[in-house]
Amino acid sequence: MAETAYRINLSSVRALQDVLKPVSLAEAPDDLFQQIMKANQTMLEMDYTSFPDTSGNPTYAKYASIVVNGKVVAQIDNHGWLETSNAMAGACTQAINKADASAGVTSGPLLAQTRAEKLAESLHGQIVKASSAMTQSAFESVPQPKATVDTKAMINDPRYAQLEQLQQAHAAFLAQQIAQNQAAG
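Taking my numbering, the leading residue of the sequence shown gets 1, the next gets one more, and so forth.
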């Protein structure tokens, strides 16, 4: 079989910057600007966020295991969060979605119980409740640890100043647009 050679005529190829005019983010439409700024602010904040140690908090302890044919295939904590293998993830996700639709709660032992029931039913397994399983009222009485942001360090980050400057440039651009529209109309 003969190979076919293809040739591309590059005489009409132009550099991207010759075809497209770069636009400053400050001059982007406001909805796009706000979306990008929120994403950048979130990423910056995450760099300065410390997450609490939850190892001693009973709300993060095991609620139940789902056992199929004598093997633990999934575990659920008191929040209702699921831990399973990658191999079981698909089957568990389908059951979890059904459970979440019928649970009426978003966190805690009531959610954990509903998820455990749907998983056991879907996987033809059984629920083995842990000794650390909590009631919903006990769960709700335990203060939840919060992530903390080192705001002082974040404000000293040069990226913070860049975001502030970009916000000011966008405000000036919007004011200029309003003034031009008023002058034209």
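For glycine and all other residues, C-beta sits at the position ideal for the given N, C-alpha and C.
**Prompt:** Among residues of its own chain, excluding the 5 on either side of V72, which ones have a beta-carbon nearer than 6 Å to its beta-carbon?
**Reply:** S65
Next item on the list: In the DSSP assignment, find the beta strand (DSSP E) that holds T84 and state where it starts and stops.
Entry: Per DSSP, T84 belongs to the beta strand (DSSP E) from 82-84.
| query | Any idea if N181 is buried or exposed, counting beta-carbon neighbours within 10 angstroms, 16 or more meaning buried? | reply | exposed
May I ask whether a heavy atom of the ligand FAD can be found less than 7 Å away from the beta carbon of A171?
-> With respect to the ligand FAD, the structure shown offers nothing to examine, as it has no ligands at all.
**OP:** Flag this pair as yes or no: are the beta carbons of Y63 and D53 separated by less than 8 Å?
**Re:** no
Practice item. From the DSSP output, read off the bridge partner residues of Q126. Key: Under DSSP, Q126 forms a beta bridge with V67.
Checklist line | The alpha helix (DSSP H) enclosing D150, as first and last residue numbers | finding: No alpha helix (DSSP H) contains D150, which DSSP labels as neither H nor E.
Mind checking whether L110 and A74 have CB atoms under 8 Å apart?
no
* Continuous beta strand (DSSP E) assignments of at least 3 residues falling wholly in the stretch 11-93 -> Listed in chain order, they are 62-68, 71-77, 82-84.
| task | Assign A133 to one of three DSSP states: helix, strand, or coil. | result | coil
By Cβ distance below 6 Å, which residues in the same chain neighbour I127 in space, the five residues on each side in sequence not counted? The beta carbon of I127 sits closer than 6 Å to those of A64, A116, A120, all from its chain and outside the five residues before and after it, given in chain order.
- request: Take G108 as the anchor and find which of E3, T42, Q144 has the nearest alpha-carbon.
  value: The residue with the shortest Cα to Cα distance from G108 is Q144.
- Leaving out the 5 sequence neighbours to the left and right, which residues in its chain are closer than 8 Å to A95 when beta-carbon positions are compared? The beta carbon of A95 sits closer than 8 Å to those of R115, K118, L119, E121, S122, L123, all from its chain and outside the five residues before and after it, given in chain order.
In angstroms with no decimal places, state the Cα-to-Cα distance between Q34 and S50. As the crow flies, the alpha-carbon of Q34 is around 25 Å from that of S50.
Worksheet entry | Residues near Q136 by beta carbon distance below 7 Å, same chain, minus five either side | G108, P109, L110
Practice prompt. Return yes when the Cβ of M154 is within less than 8 Å of the Cβ of E3, no when it is not.
Written response: no
Report task. Indicate whether V142 and N69 have their beta-carbon atoms separated by less than 8 Å. Result -> In this structure, N69 does not lie closer than 8 Å to V142 by Cβ.
Quick check on the burial criterion: 16 or more other C-beta atoms within 10 angstroms. Buried or exposed for Q113? buried
Checklist line | Proximity winner among Q162, G80, L10, relative to F139 (alpha-carbon distances) | finding: G80
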